[in-house]
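Chemist:
Number of protein chains: 2
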Amino acid sequence: MNRSEASTHLDKVLANVDANIDASLARLFDLIRIPSVSTDPAHAPDCKRAAEWLKKELGELGFDASVRPTARHPMVVGHDRTGQGPHVLFYGHYDVQPVDPRGLWHSDPFEPKLVPQPDGETHIVARGASDDKGQLLTFVEACRAWKAVAGSLPIQVSVLFEGEEEISSPSLPPFLDTTGAELKADVVLVCDTDMWDAETPAVTTMLRGVLKEEIVISCSNRDLHSGIYGNAARNPLQVLSDIVASLRTPDGGVAVQGFYDGVTELPDAIKAQWQRLPFDDRGFLGDIGLSIPAGESGRSVLEQVWARPSCEIHGIIGGYTEEGFKTVIPAKAQSKISFRLVAGQDPEKIRDAFRAHVRARIPADCSVEFIDHGASAATVMPIDGAFLTKALGALTEEWEHEAAVAGSGGSIPIVSAFKEKLGMDSLLIGFARFDNRIHSPNEKYDLSSFRKGIRSWARILAAFAHDKG
Amino acid sequence: MNRSEASTHLDKVLANVDANIDASLARLFDLIRIPSVSTDPAHAPDCKRAAEWLKKELGELGFDASVRPTARHPMVVGHDRTGQGPHVLFYGHYDVQPVDPRGLWHSDPFEPKLVPQPDGETHIVARGASDDKGQLLTFVEACRAWKAVAGSLPIQVSVLFEGEEEISSPSLPPFLDTTGAELKADVVLVCDTDMWDAETPAVTTMLRGVLKEEIVISCSNRDLHSGIYGNAARNPLQVLSDIVASLRTPDGGVAVQGFYDGVTELPDAIKAQWQRLPFDDRGFLGDIGLSIPAGESGRSVLEQVWARPSCEIHGIIGGYTEEGFKTVIPAKAQSKISFRLVAGQDPEKIRDAFRAHVRARIPADCSVEFIDHGASAATVMPIDGAFLTKALGALTEEWEHEAAVAGSGGSIPIVSAFKEKLGMDSLLIGFARFDNRIHSPNEKYDLSSFRKGIRSWARILAAFAHDKG
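Chains R and W, in that order, give the protein sequences.
Numbering of the first sequence is given in this note's numbering, commencing with residue 484 and proceeding in unit increments.
Numbering of the second sequence is given in this note's numbering, commencing with residue 484 and proceeding in unit increments.
1) Do A715 (chain W) and V784 (chain R) have their CB atoms nearer than 9 angstroms?
2) Kindly provide the ranges of any alpha helix (DSSP H) runs that are 4 or more residues long and lie completely inside the region 699-781 of chain R, ordered along the chain.
3) Please classify L537 (chain W) as buried or exposed, where buried requires at least 16 neighbouring CB atoms within 10 angstroms.
4) Does the structure place the region 563-576 of chain W close enough to the region 641-653 of chain W that three or more beta carbon pairs sit under 8 angstroms?
5) What does the alpha-carbon distance come out to for the pair S641 (chain W) and S635 (chain W)?
6) Express the C-alpha separation of V550 (chain R) and Q817 (chain R) in angstroms, rounding to a whole number.
7) For the putative contact between G892 (chain W) and F914 (chain W), defined by C-beta atoms under 8 angstroms, what is the C-beta separation to the nearest angstrom?
8) Helix, strand or coil: how does DSSP classify A534 (chain W) here?
9) Answer yes or no: does any C-beta atom of chain R fall closer than 9 angstroms to that of E482 (chain W)?
10) Please list, in chain order, the chain W residues whose beta carbon lies closer than 8 angstroms to that of K531 (chain R).
11) Does the beta-carbon distance from S490 (chain W) to A860 (chain W) come in below 9 angstroms?
12) Can you grab the Cα-Cα spacing for the pair G611 (chain W) / Q828 (chain W), in whole Å?
13) Which one of R:F837, R:V579 and R:L666 has the shortest CA to CA distance from T522 (chain R)?
14) Would a check of beta-carbon distances place K596 (chain W) closer than 9 angstroms to chain R?
15) Distance check for V598 (chain R) and I607 (chain R), CA to CA, integer angstroms please.
16) Can you pull the chain W residues whose beta carbon is under 7 angstroms from the beta carbon of A847 (chain R), in chain order?
17) How is V632 (chain W) classed by DSSP in three states: helix, strand or coil?
18) Relative to chain W, which residues along the region 647-661 of chain R have a C-beta separation below 7 angstroms, given in chain order?
19) Take the Cβ of A525 (chain W) as the centre, count every other Cβ of all protein chains shown within 10 Å, and call the residue buried at 16 or more, exposed below.
20) Taking the straight line between their C-alpha atoms, what separation do you get for V571 (chain R) and A826 (chain R)?
21) Would you say V693 (chain W) reaches chain R, if we count a Cβ-Cβ gap shorter than 9 angstroms as a contact?
22) For the putative contact between H949 (chain W) and P569 (chain W), defined by C-beta atoms under 8 angstroms, what is the C-beta separation to the nearest angstrom?
23) Are the beta-carbon atoms belonging to A886 (chain R) and D677 (chain R) less than 9 angstroms from one another?
24) For the region 585-603 of chain R against the region 625-635 of chain R, do three or more pairs of beta-carbon atoms, one drawn from each stretch, fall closer than 8 angstroms, so that the two count as touching?
25) Using only the alpha-carbon positions, how far apart do R823 (chain W) and I711 (chain R) sit?
26) Measuring alpha carbon to alpha carbon, tell me which residue in R:V851, R:K832, R:I845 and R:K902 is nearest T862 (chain R).
27) Which bits of chain R does A442 (chain W) rub up against, with CB to CB less than 8 angstroms?
28) Compute the Euclidean distance between the alpha carbons of E748 (chain R) and R731 (chain R), then round it to the nearest angstrom.
29) Have a look at T804 (chain W) and S724 (chain W) and give me their C-alpha separation to the nearest angstrom.
30) Mind listing the chain R neighbours of I771 (chain W)? Cutoff is C-beta to C-beta under 8 angstroms, in chain order.
31) Exposed or buried, which one is Q787 (chain W) when buried takes at least 16 other CB atoms within 10 Å?
32) Using a Cβ cut-off of 9 angstroms (strictly closer), state whether A728 (chain R) contacts chain W.
33) Within the same chain, show all residues whose beta-carbon is closer than 8 angstroms to that of V727 (chain W), passing over the 5 residues directly before and after it, in chain order.
34) Return the CA-CA distance between R486 (chain R) and F622 (chain R), expressed in angstroms with no decimal places.
35) Tell me whether E697 (chain R) sits in a helix, a strand or coil according to DSSP, three-state version.
36) From the DSSP output, in three-state form, read off E645 (chain R) for me.
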């Protein structure tokens, strides 16, 4: 259908979304109940179940849908042939993060719970409620409403759901190599990002990349008693701490040599736009119980989290960590470390520089092993173009607040894969909020994110319909 | 009996030890099979069982033995009234370290196993085989042989076994306050130290003290996703690593302000004696897979482990540490840290200085909690005196190598308690070896340590008998 035909259907489609929200929610609950934790091999069968569930749902909507095996967790691919004109590829991921520390959850992470809030909002609390099961279903349910009302979609739609996003999407690049022709479309739509705030929708055009490394430092050939060997025997926890401490400069920068090579300042236009955005540094940090920005001094919090490269320590373990005390000198210590990257930084060069930095600090009688957990470059989308303009318009109509063009501190490696392998730009449109506790205990998705997210996609599909009569 | 009467019995006593070594070993196995891990509350009943077992054994030897409750794990006290003349108090501990990492044990830690070695030695492999169940039983079995052969002991003997040595003996000082008069003797004998080497026995006269602290650093009010908050949110693993790195100087010293106040150089006489000892720096470190001493540069390895104060990191945990990767910024990070102390250092002052050092490095919007795991000052025993001279003579006869007067890097807090509360000096005579893997997986005690340890005590008891006709 063309744009004017689509417009005539839209009100009914939106009404259909609202009328069927309980059924949509029930489907989301079904998907959440499958504990598809991609990093844990024990949950591989659950990942497969989640993929099969999605294939079945797409099939019932009339998509030509199939589950495609990969080296690890399968892909779900679907095509709808009922529309005409522009062709979009929608991407989401059905895998979720682990739930630990389990003890901090107030309810079963895989048994979704509706928790009414004092402000009238309702939280959907569960692992994956936001990231990314709730988000990806907003698109599926929008398609469902269109099919129910108009019998077809306004445009040509393909979908790709993967099960490895939380483990850096190792199977996606080879999959795009073999299946790219089938997936090639005019633009990629990704639903895995945040709103600007609870009222303001956003299209994210700037994503940091990420380099993930794990280091295992080995000193003595066994655990030692510090009463016997203490002081003379090298302690891998001390070596590791010295290395971690050496990674950041006193003013919050990253101390790895060459780390900032190629990093440029934010364009003035974007800086100016960000200054106009309703962003409250104190509120952002205050919400998580902090007050002092930890990144480079002299940079705003938004610059720190969206536009500046950084280094984070995600885990350290070594020695005796149970109750009580044990004067052991452990044989090994290990840490998971990531670097967020911005445009101009080459992940491979940064990896080499990081490893050289670490090796230079390993005593000659000790050793280090590196475990590569993946890497992706930063991505910057063009901030003009018809799809972006139409999407901003549709979002503004739905939310009655002007949609923002935003950056994001997170990394979505698939965006660079789509660009490199298939030459496709991505529009990142998500309905999550800053406080959704994704990757943390008690992850939630606002019921309004879900309902208005579905409505937003319904509007965007209409807006993308071709102009021809 | 007097010395000459004791001498006439000695050969038969030694023969009795050898003849009954299998029965002695069976008793050691019984004691080892009780998993008396003092730091783990779940094992409190096992600690009580170990105490009851010891009381029963002592009772069967004719000791007036009893189990005395404390706030945590009970004491065992026994008195033998059959001897005359000098009165010794023998001390040992029946509690053991935890067994983790369990996966590195080649056999059940609490099912002792005899493992023949290529050199003809036999290892008794089990948790506590050396520290301190094997060691304390050498004394009990020596008393058994004396009773069997002579019907009485050559001197007056009291024993004290505690169950909290591995958790810093919190109940011992109050117990000495209430029970000191009953325990007061001419000298304390402690069996919890090493031989000089496999052939050379040693009496240890210099013990480092220890201060044990745990720190818990809290930053944000929950775990965070680094894609959203990374760079701007303070990372407690980074804060902790900065602190740990700041504790030691580049040349291997300790950087806490005032740490070396009161620390003196080793007397030249002791330095000279240590240089004569058959100690091989390269072999000591080579045995554990290392080659570069980690302590203060310019100090010998022996000085580093026996005579210099130091700092060790025994455990760090925080963030995601399972398989795979998770880009979390944890809310908390924690570490167990100890300082080995030498004569002249006040544990309370060092604790204050350490805590001030840490607090000065906690960002204003973060916090730190300190957990006190106990402290004890260093101890230096007089290196002359009749008991020491007689013990050295008896050891030299048994081992046919001149007994060494040694230091020890380990801390035995009870030694300072005996000195402070009851004015008693301690002689530390042990038969463990450097490579016994105490506190580590596959702890072992050499069968020859056990047998010749029993024989050594049998000789020392005779040597201590009074001179009067």
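Yeah, the Cβ is synthetic: ideal placement off N, Cα and C, and Gly gets one too.
From a predicted model like this one, the values you see are computed outputs, not experimental measurements.
Modeler: Let's see:
1) yes
2) 709-712, 719-730, 751-759 and 764-769
3) buried
4) yes
5) Those two C-alpha atoms are separated by around 14 angstroms.
6) A direct Cα-Cα distance of roughly 37 angstroms separates Q817 (chain R) from V550 (chain R).
7) G892 (chain W) to F914 (chain W), Cβ: 18 angstroms. No contact.
8) helix
9) Past the edges of chain W, shown from 484 to 952, lies residue 482 (chain W), and the structure says nothing about it.
10) Going along chain W, no residue has its Cβ under 8 angstroms from K531 (chain R), so there is no contact; the nearest lies around 18 angstroms.
11) no
12) 31 angstroms
13) R:V579
14) no
15) Approximately 7 angstroms, taken between the alpha carbons.
16) Among the residues of chain W, those whose CB is under 7 angstroms from the CB of A847 (chain R) are I775, following chain order.
17) helix
18) I650
19) exposed
20) 26 angstroms
21) yes
22) The Cβ separation is near 6 angstroms, so the contact holds.
23) No. Outside cutoff.
24) The region 585-603 of chain R makes no contact with the region 625-635 of chain R; the number of CB pairs closer than 8 angstroms stays below 3.
25) 11 angstroms
26) Nearest of R:V851, R:K832, R:I845 and R:K902 to T862 (chain R), Cα basis: R:K902.
27) Past the boundaries of the shown model lies residue 442 (chain W); chain W is included only from 484 to 952, so the question cannot be answered.
28) Spanning the two alpha carbons is a distance of roughly 20 angstroms.
29) 16 angstroms
30) The answer, in chain order, is S703, N704, R705, L707, Y712 and A716.
31) buried
32) yes
33) I796, I799, S818 and I820
34) 19 angstroms
35) Note: E697 (chain R) maps to strand in three-state DSSP.
36) strand
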